[in-house]
Amino acid sequence: MAANVSIPSCSKESTDSKSERETNIRAPYEKEETDFNLCPFELLWSFGTNSDTPIINLTTKNRTIIAYACSHAVIIYNYKTKYAISLQGHKNTVKTLSTSKDGKWLMSADFEKDCVTVVWDTETGCLNNWPFITKHHCSCYCYCYCSVPISTLFNPHGDKGMTAAKISPNAKYIVTVGNEFHQKVQFWLWTYGKDQPDAFTELTELFSNRIKEIAFNEDCSEEFGLTADYCVAFLKWEQDELKYYIPKILGNVRRYGILNCSCYIPKTQRVLTATTNGYVLVWGAFVERQKNKSKDQTAANNKEKRHIKSVQLEKNSIMVILYHDGRIVTGTSEGRISFYDLDLKILYWCQHKLLDSIRSISFDLSSTLLAPGSAVGEFKLESDEEEDFENEEEMEEYSEIKLGDNINERKMKYIEKIESMKYRDQVPSTMSVYLEETLKNYNKNQQAFTKLPHAPTDVTVEGAPFYIENFIIGKCYYIFVHLLFERAYTGKVFRKLILNGIHMQKFCNIFRKGCLSGTVALIEIPTLKCRFIFQDQNFAITSLDAHPRSNFIVTGNLQGFVSLYDYERHKRIVRRKTPPLPDFSILLDKQAKKGAITYVTCPQSHEKLIAVTALKYSPIGNLLACGLENGALWMLHPLTLEPLDKNPYKHSTESILKLAFTECEEYMAYADNALVVAVFKRIGDSPSGSCLWDFIGKYHSHTAKIRDILFGPATIESVVYRFFSVGEDRNLIEYDLKNSGPYPFPGLQIMNTYQIECEAIPLCLAWYPKLGVEGFLMYSNSEYKYRLLNDITKTIRGTFLGPLCDTPVKHFKVISGKEYKAGKYMVFATNKEIGLQILPFDGNPYKTLGMIGHPRKVRSVVYNVRDCFTTLHRNTKKSIDPGYEFIIKANFSLILIYHYIVSNICLSNDGNILFTFGHNDPCTLMWKIKCRSVDVLAHLGGKGLAPYYCLIDGGEKGWLINEMKHLFYYAQILHQGENVITPRLISDKVSTKEVPNLMRAVGYYPSNEEIEILMGEISYRDYAETGHLVEEIKFEDFVKFYINHRPAFGISLHQIQEAFQVFANSDQMPASQAENPALTREQFMRILLGEGPPEFSIQNGIPFGEPLKIQEAFAYMRFLVGFNENLDEIYNERNEKKSASIDFTFLPEVYLTIKISLNFSYIKKMSLLTFRKMLAESNVLLFIIQRISYKDFIADIMGIELPEETRADDD
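FYI, the working numbering numbers position 112 of the sequence shown as 112, with every residue one higher than the one before it.
Okay, here's the thing in structure tokens:
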């Protein structure tokens, strides 16, 4: 549970010696990259932060750094030099950060499943003393170190997770609070590296009142307080025992509101607790006098605290309270920062309209620690010089830029203009403003606070100067104040303040605060000057794309904002809210009069559904398509984000999920959440502000979710581009763009529909790099396989094993750039992992390398939650799905926060950078792609069959590979004939006709359709190059086909049970029989003969699955039941009988139960379509006895234990 790593000490060097060392290191490696790290991606930057995680100030006299969390990583950032170091050791979202008093030890923790608590060394940077140097595409050298945790506590509370964790000020202890029903508090002496806590206690008095914040006593780190919603627990570790008590709060607890956070006042026995209604509860030592004991002795033995008084300091929620240098500092939900003396008398306060709810406060450290060993950092942020607000001028209208202009040539000049205030709805990140000293100036105009203020003084009678040096704050532009949200927890709903988890850290001169928005700013109190460091809103990112020709990315969020970033400078250029929707009914009438429908066919507005669900740059980069949740589609300028067309296109009532362009931008298409595909054609020369696209038509072409859409180049036969869509209905649809349009007649036309899967679900679609003569479409499916389709015939030409992650591949993109060989590498993403793969596909596991990309699930579907809102609005006490959160006002009315499950990945224009975002995550992560890592791994894997042995039971010298060799050579004997006298010709090849039997012999039982696909892949493997069919394959090829085609995780008894439940109609059977289903003889025979269950009706002569002939069923059943006749005798008896005379009375009348033999490791996955193949061709034992079910036979009669569940049972 605990892991300690010994880190060599780093000597402290002067600036000159360090520069000399860097120069000496750089010289030998200027032309050669020495990065041998096998990690496929390096986190370069995060656009956004975890707003519910506090900002930690690590600034000392010798360094200016802060620590913050983004997604599942911790960033140490130097806000002066713009360098940053990423610390990656979590698989879940980092929920809390804390530091020791001197700032040397930083603790990070996540609270979800498989949670960990990690301790980092901020002075050495937790770094190896062996740096490697890489040269980025922007021609700047980066000195990168491997971040290594000093100590890690794995799953401190098992599978229950945590709600709070913190390191003590003296860095000796760590306290963790579990998420059990009765929460456990564990006390760790983490430096000893023990696997178990040194002490723990269970808070039996609390069950629905959850602990959310920890506060240590700096005078005695063994003493600490735990803040819950409606109480405070005080604990102390003494004599290897952890004791606690919960004092009662005097008066009406509800009057104070919810408790937010607490802090100890040093050298006193007092503790202060801040609440949502602006109160501060004062706790003091309670001395119980006893006879025959002096006062001092009694006080020493009994120092329990009790509630002394309550003082209302603010009208708004106090989000932060802490002690510093003889003062009490508070921060409110309105952005007000107040300073009090120890008697809670006001000394000074400041506020500004641009500053909003405070999330955390952390002060400069009095120590002299140096910056981490990699003082130059892992990456540098290029930024402009700071600009003052008073010098900011209004920008002149920049209308001379046309869509056809070269963006790269005029980029820098254009950026300078769009960074001005006219194109922004907020303050630029390099701008400075002046704080208002008091609230009386709050409503003055903008010019009121641009004048230089006088020196600040306190509010005492003497008016003494109030001096505090610089500090960092945060602000929020859109926030719910005094709102509560409900969260389902262990079946009980409890209320919790939306801004909580306040962190306290002592300071010397500078303090910082972070807000819900993720914005951090530097404030100078003497001049009341504020400089913004980060400016990001804390709304989940729902869409993302990268400019194809410039260093820009664009993101869309839940609240309808679109933001443009320069990812080389790590700077946001402009942020704009999507325009309001016009009156579509008027626009529809105008279209009807003209007789041409272009803009709207679905006039429903759904104005409250404003999330940006799809963004896509055109291939040239001269426009940005923006799809919204309400079905509207805007055409925006690629840099200013202003509408290029005065009206949006409204042809859908549901969310737009996918957008696609042709290479020359002649066509554009989208797919929405209503299973509709719409296609547009570009108008040649259109004046500014007029219609840019003609509407060709739309088609409700799929019966299940549309997974992807794709344009392709024209073929020799076709004249226009090809267009495809693929959905969960397992159909690939090709559209006829040549004969489509205008709308409504003939509209969008379908050319062909291809069913590309029988059981698996296709998940994403793309063009396979043209590595040979033949062209292919590639897609991934839900069975962890990649498949290649001939782009003309749409036949399956290749099946390959994909990455065996927690979920199948949901997104992939082929890397294309000048530095890469054409089509050699591909990036992919699953629910949580991102990875790098070498092309072409061959199933080699050593050609795939992945890592956790986001802590939360990543899916390609947008869930519409309008119906959920109506239902849960009526019943607020209903358990809430984890995918949604609800905000409750003071009057307990509901406001639904949409938690979309949307994701995407995109590549930079040169293919060196990968951008990702996750489910309900405000962070967009920027990763450097390290192709060399997967090249090294592929080289280590070896050649031939060497990398494949790890996928075979027993490995290279195991029983299965030896059995495969024996069967391979025996198949040659069978093919030549068993009873021949001519010499045998044994070679390393076998006839392709023997491949199906070989597959069955080694434990893979394909259906007839799967055999047809397999034989087609083998026979036509080289047909495009040679014109000849393959008639023989080698043993190496046979093993690869076996690995790539068999089920990825085999089959389990649980899957067989599920199939029995489907056939037995478990919905109508008693609950007692649901886990032990059975079939009657009639039901069983209907399935074998292709008639299916009673509710199934044969249509157009299409049978249910792959049926057996009645003679075949008779022969197979007699043989499997265990009659003494051999199979030849049964076949002879079957052939002599007519179908009408075949009697199946040897089967039981009531129940049939099956048991899969465990002789083979891999058996074909049982399903509705292959049920009879499993019985007929696999090693199946059929036990026949009345009223003996499947489970009874396995456990009671056979006397064997059910095998452990495999990966196939995970779902």
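Each residue gets a CB set at the ideal place from its N, CA and C atoms; glycine is no exception.
Q: Given a cut-off of 7 Å, decide if I246 and E205 are closer than it, judged by their beta-carbon atoms.
A: For this step, residue 205 is matched to residue 205 along the sequence shown. For this step, residue 246 is matched to residue 246 along the sequence shown. Their beta carbons are under 7 Å apart, which means E205 touches I246 by this criterion.
Q.
Does Y192 come out as helix, strand or coil in the three-state DSSP assignment?
A. If you number the sequence shown from 1, residue 192 lands on position 192. Helix at Y192.
Q: Taking L960 as part of the alpha helix (DSSP H), name the residues at either end of that continuous run.
A: Looking up residue 960 in the sequence shown gives position 960. That run of the alpha helix (DSSP H) goes 959-976.
**Q.** Cβ-based burial, K965 [other Cβ within 10 Å; buried from 16]
**A.** For the purposes of this step, residue 965 is identified with residue 965 of the sequence shown, where counting begins at 1. With fewer than 16 Cβ atoms within 10 Å of its Cβ, K965 is classed as exposed.
Q) Just the Cα atoms here: how many angstroms apart are I214 and P762? A) Counting from one through the sequence shown, the residue named residue 214 turns up at place 214. Counting from one through the sequence shown, the residue named residue 762 turns up at place 762. If you take the alpha carbons of I214 and P762, they lie about 48 Å apart.
Q: Compare the Cα-Cα distances from S357 to each of Q351, D343, E334, D364 and report the closest residue.
A: The count along the sequence shown starts at 1 and reaches residue 357 at position 357. With distances taken between Cα atoms, S357 lies closest to E334.
Q) Just the Cα atoms here: how many angstroms apart are Q196 and T662? A) Taking the first residue of the sequence shown as position 1, residue 196 is located at position 196. Taking the first residue of the sequence shown as position 1, residue 662 is located at position 662. If you take the alpha carbons of Q196 and T662, they lie about 60 Å apart.
**Q.** Residue of Y670, R210, V719, L189 minimising C-alpha distance to Y230
**A.** Walking along the sequence shown from the start, residue 230 turns up at place 230. Considering only alpha carbons, the answer is R210.
Q) Where in the stretch 552-586 do unbroken runs of the beta strand (DSSP E), each at least 3 residues long, occur, reported from the N-terminal end onward? A) 552-557, 561-566, 571-577
Q: Using three-state DSSP, classify S991 as helix, strand or coil.
A: Translated into the one-based positions of the sequence shown, residue 991 becomes position 991. Strand.
(Q) Taking the beta carbon of S168 as the centre, do at least 16 other beta carbons fall within 10 Å, making it buried, or is it exposed? (A) Along the sequence shown, one-based indexing puts residue 168 at 168. Buried: at least 16 other Cβ atoms inside 10 Å.
Q.
For I56 and G331, I'd like the C-alpha separation in whole angstroms.
A. Counting from one through the sequence shown, the residue named residue 56 turns up at place 56. Counting from one through the sequence shown, the residue named residue 331 turns up at place 331. Their backbone Cα atoms lie some 16 Å apart in a straight line.
Q) Can you tell which of D545, E994, D953 has its C-alpha closest to the C-alpha of Q972? A) In the sequence shown, the residue the question calls residue 972 occupies position 972. If we check each option's Cα against that of Q972, E994 comes out closest.
Q. Given that a residue counts as buried once 16 or more other Cβ atoms are within 10 Å of its Cβ, and exposed if not, what is D159?
A. Here the question's residue 159 lines up with position 159 in the sequence shown. Flag for D159 reads exposed.
Q. In terms of residues, what are the limits of the alpha helix (DSSP H) holding C906?
A. Along the sequence shown, read from residue 1 onward, the residue named residue 906 stands at position 906. Per DSSP, C906 belongs to no alpha helix (DSSP H); it is in the beta strand (DSSP E), 904-907.
Q. From what residue to what residue does the beta strand (DSSP E) around Q312 run?
A. As a position in the sequence shown, residue 312 is number 312, starting the count at 1. Q312 -> beta strand (DSSP E) spans 305-312.
Q.
Tell me the residue span of the alpha helix (DSSP H) that contains R1081.
A. Position 1081 of the sequence shown, counted from the first residue, corresponds to residue 1081. Element bounds for R1081: 1081-1088.
Q: Check Q1212 in the structure and name its three-state DSSP category.
A: An answer regarding residue 1212 cannot be provided, because it is not within the stretch 1 to 1211 covered by the chain.
Q.
Please state the DSSP three-state secondary structure of F1144.
A. By 1-based counting over the sequence shown, the position of residue 1144 is 1144. Coil, per DSSP.
Q.
At the level of alpha carbons, what is the spacing between A546 and I553?
A. As a first step, residue 546 is located in the sequence shown; it is residue number 546 there, counting from the start. As a first step, residue 553 is located in the sequence shown; it is residue number 553 there, counting from the start. Roughly 4 Å between the two C-alpha positions.
Q: For A1001, I'd like the list of residues in its chain whose CB is within less than 6 Å of its CB, leaving aside the five on either flank, ordered along the chain.
A: Taking the sequence shown and counting its residues from 1, the one referred to as residue 1001 is at position 1001. Cβ neighbours of A1001 beyond the five flanking positions: L967.
Q: Look up E654 in the DSSP assignment and say whether it is helix, strand or coil.
A: The sequence position of residue 654 within the sequence shown is 654, counting from 1. If DSSP states are grouped into helix, strand and coil, E654 belongs with coil.
Q. Nearest-angstrom Cα distance between E774 and L789?
A. The residue you call residue 774 lines up with position 774 of the sequence shown. The residue you call residue 789 lines up with position 789 of the sequence shown. Approximately 10 Å between the Cα atoms of the pair.
Q. Looking at the structure shown, is F200 part of a helix, part of a strand, or coil, going by DSSP?
A. Start at 1 with the first residue of the sequence shown, and residue 200 comes out as number 200. Looking at F200 - three-state DSSP - the assignment turns out to be strand.
Q. Buried or exposed: where does D102 fall if 16 or more other Cβ atoms within 10 Å of its Cβ makes it buried?
A. For the purposes of this step, residue 102 is taken as residue 102 along the sequence shown, with counting starting at 1. It is buried - the Cβ of D102 has at least 16 other Cβ atoms within 10 Å.
Q) With 16 other CB atoms within 10 Å as the buried threshold, where does I75 fall? A) Here residue 75 refers to the residue found at position 75 of the sequence shown. I75 comes out buried.
Q) Using the C-alpha atoms, what's the distance from I1043 back to G1027? A) As a first step, residue 1027 must be located in the sequence shown, where it is residue number 1027. As a first step, residue 1043 must be located in the sequence shown, where it is residue number 1043. So the alpha carbons of these two residues sit roughly 27 Å apart.
Q: Give me the Cβ distance between L945 and V1039, rounded to the nearest whole Å; I'm assuming they're in contact under 8 Å.
A: Position 945 of the sequence shown, counted from the first residue, corresponds to residue 945. Position 1039 of the sequence shown, counted from the first residue, corresponds to residue 1039. 6 Å between Cβ atoms; contact.
Q) So, using beta-carbon positions, are F745 and Y735 closer together than 7 Å? A) For the purposes of this step, residue 745 is taken as the residue at position 745 of the sequence shown. For the purposes of this step, residue 735 is taken as the residue at position 735 of the sequence shown. No, they are not a contact pair.
**Q.** Straight-line gap, I1018 to D921 (C-alpha atoms, nearest Å)
**A.** If you number the sequence shown from 1, residue 1018 lands on position 1018. If you number the sequence shown from 1, residue 921 lands on position 921. Computed Cα separation, rounded: 45 Å.
Q: Would you grab the beta carbon distance between T163 and V177 for me? Rounded to a whole angstrom, and I think it's under 8 Å.
A: Position 163 of the sequence shown, counted from the first residue, corresponds to residue 163. Position 177 of the sequence shown, counted from the first residue, corresponds to residue 177. That belief holds up - the Cβ atoms of T163 and V177 are roughly 5 Å apart, short of 8 Å.
Q.
Residues in the same chain with beta-carbon distance under 8 Å from I1033, minus the five sequence neighbours each way, listed in chain order, please.
A. Along the sequence shown, read from residue 1 onward, the residue named residue 1033 stands at position 1033. Hits under 8 Å: K989, V990, T992, V995, I1018, F1041.
Q) How many whole angstroms separate the CB atoms of I1011 and I796, which I take to be in contact at a CB cut-off of 8 Å? A) In the sequence shown, residue 1011 corresponds to position 1011, counting from 1. In the sequence shown, residue 796 corresponds to position 796, counting from 1. The pair is not a contact, with the Cβ atoms about 12 Å apart (cut-off 8 Å).
Q: Taking only the alpha-carbon atoms, compute the straight-line gap between C142 and H651 and give it to the nearest angstrom.
A: Your numbering for residue 142 matches position 142 in the sequence shown. Your numbering for residue 651 matches position 651 in the sequence shown. In this prediction, C142 scores a pLDDT of 34, lower than 50, which makes its location untrustworthy; no coordinate-derived value is stated.
Q. Using the beta-carbon count (16 or more within 10 Å), is S360 buried or exposed?
A. Along the sequence shown, one-based indexing puts residue 360 at 360. The residue is buried, with at least 16 neighbouring Cβ atoms inside 10 Å.
**Q.** Three-state secondary structure assigned by DSSP to D708
**A.** The residue labelled residue 708 in the question sits at position 708 within the sequence shown. Correct three-state label for D708: strand.
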